[in-house]
Amino acid sequence: MMQRSFQQLVRPLRNANAVCRRGFFGPPAPWSPRGGIFDEFNHRVNQLERELFRSPFFAWRPFQNAFDSEVFRLRNPIIEEDGVKKFKLEFDVRRFKPEDVKVSTDAKEGTLTIEAKYKDAESSFEYSRKVSIPEGVDAKQITAKYTGEGSLVFEAPYTEPPKPELPKEQKLEIDHK
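In terms of UniProt numbering, the sequence shown has 99 at position 99, counting the first letter as 1, and numbering is strictly consecutive.
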């Protein structure tokens, strides 16, 4: 009698454990209990996940690849075109009107700042990037061009900075005491 009442008390905990033992997106843990109710629950959760991520909303990821390519461009702003190296950065600002975009350089910090704000009755967007200007690029020579596709392109000539002279080999005397 005692064993049966204990099982009745534990049954709701086992059902709740089915949710806890398995991550919402991951496979079931190897130590998880198996049984008809658990398998049915797992089947329903998997079905829900498939239906949820099949919807058009989750398939639309406009910023996923854009961000990856922007990070790459920020890390590699010096390119070579027609045998000439130059500084070139491109930012996607198509959500903003050209007059909503503000650009500035700070010679003291050696940075280029891009800020854009848009607001209407239904929504608002903000965009802000601060990029270090690499050595060999004169901030005064940076030009900005807004393309028809909604890209903001920065270009400037690049001159290879002089390499620092490495110290020559030097022998040190050992002090014996």
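Note that beta-carbon positions come from the ideal geometry of N, C-alpha and C, so glycine has one too.
query: DSSP state of E173 mapped onto helix, strand, coil; result: coil
query: Boundaries of the beta strand (DSSP E) in which E115 is found, first to last residue; result: 111–119
query: Endpoints, the beta strand (DSSP E) within which A144 is located; result: 143–146
query: Whole-Å CB distance - Y118 paired with R95, under 8 angstroms assumed; result: 6 angstroms
query: Segment contact, 8 angstroms Cβ cut-off, at least three pairs: the region 80–87 with the region 96–106; result: no
query: Alpha carbon of K140 to alpha carbon of S104, nearest angstrom; result: 11 angstroms
query: Classification of A107 by the beta-carbon crowding that lies within 10 angstroms, buried from 16 upward; result: exposed
query: Secondary structure of P161, DSSP reduced to three states; result: coil
query: Per-residue DSSP class, three states only, for F41; result: helix
query: Sheet register partners of E81 (DSSP bridge); result: V84
query: Bridge-paired residues (DSSP) for V131; result: L112
query: Closest by C-alpha distance to V153, when choosing among F41, P77, Q47, E40; result: P77
query: Nearest neighbour of E115, chosen from S124, K130, E122, Q47 [CA to CA]; result: K130
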